[in-house]
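Protein chains in written order, with the numbering used here: chain A, 1 to 335; chain B, 336 to 670; chain C, 671 to 1005; chain D, 1006 to 1340.
See below for the structure under consideration.
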C-alpha cells in the first residue's frame, strides 16, 4: 500500500498517521523525494484502505499488489517525466538519444565528439571517467580530472553529462560534474550504491544486470525511489546467454514488459546489447520498434583507436546516417 | 570450396572431376537441387582453386572459409528468393506474413480464420496438424484429416499452407497438402528429419532450437541444402534463458547476424518469441525494425478457446490493427 | 490418478471400468507394459478415489498430483529395477558403469575396447552406429553394419549393447543388435521417437536435452512409459549455459531432484557433462557423490585418434585408475 | 611476466629495475603483499626473460601466458595456503567447513549455534551482519552491533568469523570483528570493493557472480592480489540458468577447472548452489567428490524461523549427520 501524503502535512499528523499504520497495517517506510512524500506499507494482512484515506494530511491511498511498490504502474498511471538539468525532460513524449564515447580519453577527443553531437542535435552526452573493467590491468579511465574537462566542454556546448558512478565514495567529487548518474550492469544489485543514489537530487540511469531478471531491475529501482529519488531511467543493455555469436543478447522483450509494470521511462543500449559495431544501427531500429523512450549509443571519432569498447562503437558518419534513419522510422511509426 | 557445375555437365565430366577433387583437394559431396548442381569440398590443405575453374562442366568455383558452405553468403552474394507454390516468392524484396492458428481445430475455425486472413491480404496460412507437446496427455493435433480440410479451405481461398512435420514417416501423407514444411524448435537438430527435408521439392521453414546457437541453425540449414533442397527460410523464435517474465527471449540480434552470414531469408516468430499476447504486436514492430524478411504470427478467432498457445495468440481485431501498423512502419522505414 | 489393473482383469471389466471413468472422472489413457496394466486419468475435478478401488479388476488406485503420472514417485514408492538382457538389472541396489567409445569405428577398435572393459568387469558397453552431428560434413557413424559387428563382439564377451537410435525408421533394423536404446540430448523432445520407444520391449536410456528442464525430461519419460515401456533410465549429461570454459555444465543438482520426483534410476554422463578429458575422472567422483545410480563414460584406446568426442574420452589406463577410485569412493560413501 | 623480488631489494634497485622494464618490456605494476613483492608486466612483445633474472633484487622471473597473472598456477606451482587468525590455515592439505546462519539475528541464536558448531569441531563460523537483499523492504541485517556480539561469542568459543562486506565504507568498522571477509555473488565484479580488499591484511572469500564466468572470477581475484592481498579463497555457489526446479545450478565443473588454473584454494557453497534444504547434504557429498578444499554451509537452530535463506538452511541434527558423512566420504576418497 502506498499512502501519498500532502505537502502541507504537519509533523504531528505524520507521526500519528505513522503509529496508526504500524499498529494496524504492517511495516512502514517513509519516503521523501523532491516531488513528494509517501508512506510505503507492507501490510501483514488484508486491510480496508478507506480507513486511511480519511486521515488528515493524506492526499491519496493506493493498493499495490505488485512486489514493487513506488516504481509500479499500478498506483501511478501516467508515465513519469524525468527532469534533467533545467531545460530537458525525459518522458515518453519525446525520444532522446544519449551518445558519446565509452571512455573519456582526452580534451581533444571530447571536444571533437561534443561538437559533432551538438551539430546533430543531441542533448545528452555520455562519457566514462571511472571504468569497470574485468581485468585490473586494463585502462580504468581518467578519473575525476577527465570528468571535469568533460563536463566543461559538454556544458559549454549546451549539452548535459551522463557518467557512471562505481561507488558511494565517488559521489561528492562527481556530483558537480554529472547531470545523470549511470549505474552499470555490474552494479545493478550493488545495494549500498543504490541506497546512495536514493539520496541524490539528480536523475539515475539504471542498467539491468548481466543476468539480472526484470523483477530484480525493478527492485533495484525501488531501492533508489524508496531512498528518496524518484528520477530513474531503466535501461536494457543485453543479457548473458549461451550464444557466442555476439557479446550479449539484446532483450527487447524487456521494453513492453517494463513499460507495463512501471511508470519509469525505459531506454535501450544497443551498443552493449549486441556488441558488434556493424550491427548496432540495425538493433537501434529494432529498439525503436519495441517502443523504448530513448537510446544510449557509443560514438567515437575513430572507434579503432578507442581505449575501450571500440568493437561496438560507431564513428561520426555511421552515427549521422543512423540518426536520420531513427527520425524517419519514428515518423513512420506514429503516422 | 564450392564448385558450381553447369547444367549441361556430362556424367563423364562429372566423374573425372569428382575423382580429381577427391585425390587432390579433399572430401567431396555432390549436391543436386532443383536449381543447380554443386560439389562441396572440405579441402585437406590449401589449394589453388584456379586449377578447378578450367575443367569442363564447371560454371564457377568459390572459396568459402565459413564452416557453413552452401548456405553461406560468401559464395552467393545475392539473397535467395524462395519460390512457394506457383505465384509467390519469398525474398527480401517483399515482406510476407505467415499467419494462422497454432493448431487446426475444426473446419469452422479454419474457414473463419482463412476468410479473415484473405481479406487482410495474407497469402501464407499456418496451422498445425501434428503438435509437439511436452506432455503426452496434451492435445496433439487432428493429424492428417485436419491437414486435409485445412489445405482444401486455404487453397480455395487462394492462400498457401505452412504446416509442421515431426518425422520423416509423415512426409508422404503430408506432401500433397503442404506448401511450406515447418521444422519446429524441438526438431532443429533432428538430423534425420533434416536429411529428409533435403529430398523434398518444397520449401522448408527452419526454426532455431530452444537454445540453439546460430551456427547450429546454419549447420541445420546446410543439412537441408546439401541434401538437395535449397529453398530454406530461417526463423528466429526466441531462446531459453534465466528470465521468467515471459516464455522466451526473442533474440533479434539473430536477424542481422544471420542475414550477414547467409543468403537465406530470415523470418521472426514474435508469438513464441515473447509468448505474451498483449506484447506480441510490439515485438512484431521490433522485429520489423531488425530487418527481417517476414513474420510468423499466431491468430485465432477466440484465443481464449484455442486448444494450444492461446496465451500468445492474437484475435482478429488485434491482428488487423497490427497489420496496419506493420505496413505503416515499413513505409517509414524505407523512406 | 493412476489405476493399477489386475493381470486377470477381463476385457468386459476393463470396458465398463473405462466408460465409468470417462464419464465420471475425466480423460483416460490405458497403458499396457510388460510389467502391468494401468489407467491414467486426468480428472476434470476432485474425485473420491475410493469409488474406483472397489471395482473388479482394480489392484490399486493412486492419487498423483504431479503433472507426471506414471514416472512419478508419488504412486510407486520403491525405486524401479530395470531388467537388461537376461541377467542384468539396473537399480539403485547396484552401481553400474556404461563405458565404451563415442562411435563404432572398426572391428579392431571394438574388439580391443571390449576385451579391456570385460577385464575391468564392465557389463554394459556403449558405441554409436548412427551419430548426430551438428555439421552434415562430419563423420556420421558406420551405421547398421558397424552395429552388427559391435553387437557380435560385445555379446561374445558377455556384455550388453547400449546404442543410440535417431529415428523410428531405424528401430526394426537396430532391434536385434541393441540391449538398451539410447535417446540423445538432441532427441530428448522428439516426441515421435519417444512414442516409438514406448512400443519397444527393451530398456531406454533417455538423456536430458541441451537446455531441457527436468520437468520436460520427466514428461519425455512419461511419453515412453505411457506408450507401453516402463523400463527407462534417466540421464543427466550437462546443460548449455553462458560458461565457455568447458563444453557443458554438468548439473548434478538434477540427481537428487530426479530421484525424489521419480522412481526411475538416474545415470550421469560426465564425459559430455564437462567435455574435457582430464577433468572427466573428477566429475565422475562428484557424480558418485551426488547419489546417481550409474555412470556413462566414453573410453577409447587412443582418444587422440577417435573419430568423434576425442577431447572428452579417456584412454584405458585413465579408465582403469578411475574405476578403482569409484569403487573405493562408493565403499567410503556407504560405510 | 611476473618478477618476484627479493625481500631485501633496495629502493634504488627497485627503481632502476622498474624503469628498465617499462622501457624494454611493457606496462608494470608493483605489487606488495604481506608475503612478498612482485612486478607484474604485460609485455608489448616477446621478450627474453633471462635478461631480467640477472638483475640485483630479483628472486625469480616467470613467463605467464595466462591472462590472469598473480593468481595463475603457471608461476606458482604449489597450492597456496591461507593463514586465518593465528592458528588456522586453509589449503588443500586439510578440508574445512565454514558453517553458520545466513544472518546474525540475536545473541541467543548466535550463542546456541556457536556452541553446537564448536562441539562438532568446526573452526570457522559464518554470519551476515549486512545482508544484500533484492527488495529494499526485506530484512537487511543487524549491522555492526550484530557483528560485534557475533565476534565476541564466536571468538570466546575459539572459532573464527567469516562475514560479508558490501562496500568499502564498511571496512574500518568491520575490520576488528572479522577474520575472513566474504565478497558475495552480487559484488563479484564490484571493482572498487575488490581494490579495497587488496589493501586488507586479512583473507578474502570471493564468490563467483550469479552468471560470472570463471575467467571473470579469476580476474576479480587478480584485482585483490594485485591490490596487495594474496590471501584469497575462491568459492563456487551456483549459477543462474533456465532451470527453475532449484534456486541455482551448482557448477561443480568449476572446481577442477579453477584448481588447474589457479593456486588458490577453492570452496563450494551447496546451500546457495541448490537452494533446497533437503538436497543440500547430497550436494555437499557431490562437492567433496569434485575435489574442493572446503565447504560453506548454512546452519540454523530452527531454519523455519530463519530471517533469510531458511529454505536452504540445515538444522543442527541434519548438519551433524552430514558432517559424519563428509568425514566418512573423505576417508573413502583417499584410501
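Backbone N, C-alpha and C fix where the C-beta goes; we use that ideal spot for every residue, glycine too.
Computed from a predicted structure; not experimentally measured.
Query, Result
"Please list the residues of the stretch 345–368 of chain B that have a C-beta atom closer than 9 Å to any C-beta atom in chain D, keeping them in chain order.", "none"
"Between the stretch 1164–1179 of chain D and the stretch 1144–1156 of chain D, can you find at least three pairs of beta-carbon atoms closer than 8 Å?", "yes"
"Check distances from the C-beta atoms of the stretch 910–926 of chain C to those of chain A and list, in chain order, the residues that come in under 7 Å.", "910, 911, 912 and 914"
"Between residue 377(B) and chain C, is there a C-beta pair that is closer than 8 Å?", "yes"
"Taking the DSSP output, what are the residues bridged to residue 435(B)?", "633(B)"
"At a Cβ threshold of 8 Å, is residue 884(C) touching chain D?", "yes"
"Determine contact between the stretch 1089–1105 of chain D and the stretch 1261–1272 of chain D, defined as no fewer than three beta-carbon pairs at a distance below 8 Å.", "yes"
"Taking the continuous alpha helix (DSSP H) assigned at residue 786(C), which residues delimit it?", "777–790"
"Check each candidate in 861(C), 807(C) and 695(C) and name the one with the smallest Cα separation from residue 893(C).", "861(C)"
"Going by the CB atoms, is the gap between residue 800(C) and residue 840(C) shorter than 8 Å?", "yes"
"Cutting at 6 Å between CB atoms, please list the residues of its own chain near residue 179(A), excluding the five before and the five after it.", "84, 85, 160 and 161"
"Measure the C-alpha to C-alpha separation of residue 884(C) and residue 1303(D) and round it to an integer number of angstroms.", "26 Å"
"Is residue 1133(D) helix, strand or coil by DSSP?", "strand"
"Tell me, please, whether the CB atom of residue 166(A) is closer than 8 Å to any CB atom in chain D?", "yes"
"Taking only three categories from DSSP, how would you classify residue 584(B)?", "strand"
"For a contact defined as C-beta to C-beta under 8 Å, what are the partners of residue 857(C) on chain B?", "525"
"Taking the C-alpha atoms as reference points, what is the distance between residue 744(C) and residue 1325(D)?", "29 Å"
"In terms of alpha-carbon separation, which member of 275(A), 122(A) and 290(A) lies closest to residue 617(B)?", "290(A)"
"When Cβ atoms are compared, which residues of the stretch 1058–1083 of chain D fall closer than 9 Å to chain A?", "1072, 1073 and 1074"
"Got a sec: is the Cβ-Cβ distance from residue 941(C) to anything in chain D below 8 Å?", "no"
"Judging by CA-CA distance, which residue of 235(A), 115(A) and 294(A) is the nearest neighbour of residue 206(A)?", "235(A)"
"Could you name the residues that DSSP lists as bridge partners for residue 196(A)?", "Residue 196(A) pairs with nothing; no bridge assigned."
"Return no unless some Cβ of chain A is closer than 8 Å to the Cβ of residue 614(B).", "yes"
"Under 8 Å by Cβ, that's how I've got residue 911(C) and residue 242(A) pegged, so tell me the actual separation to the nearest angstrom.", "6 Å"
"With distance defined between alpha-carbon atoms, name the residue in 901(C), 944(C) and 872(C) nearest to residue 920(C).", "944(C)"
"So the candidates are 1040(D), 1029(D) and 1033(D); which of them puts its Cα closest to the Cα of residue 1013(D)?", "1040(D)"
"For the stretch 977–986 of chain C and the stretch 1009–1024 of chain D, state whether three or more C-beta atom pairs, one from each stretch, are separated by less than 8 Å.", "no"
"Can you name, in chain order, every residue of its own chain whose Cβ lies under 7 Å from the Cβ of residue 478(B), other than the five neighbours on each side?", "464 and 465"
"Say whether chain A places a C-beta atom closer than 8 Å to the C-beta of residue 1227(D).", "yes"
"Between which two residues does the alpha helix (DSSP H) harbouring residue 77(A) extend?", "Looking at the DSSP string, residue 77(A) is not in any alpha helix (DSSP H), and its letter there is neither H nor E."
"Would you say the beta carbon of residue 1278(D) comes nearer than 7 Å to a heavy atom of the ligand MN?", "Among the ligands in the structure shown, none appear at all, so the ligand MN cannot be discussed."
"Helix, strand or coil, according to DSSP, for residue 645(B) in the structure here?", "helix"
"Less than 8 Å between CB atoms is the rule here; does residue 806(C) satisfy it with respect to chain B?", "yes"
"Going along chain A in order, which residues have a C-beta closer than 7 Å to the C-beta of residue 609(B)?", "253"
"Quick check on residue 934(C): does DSSP put it in helix, strand or coil?", "coil"
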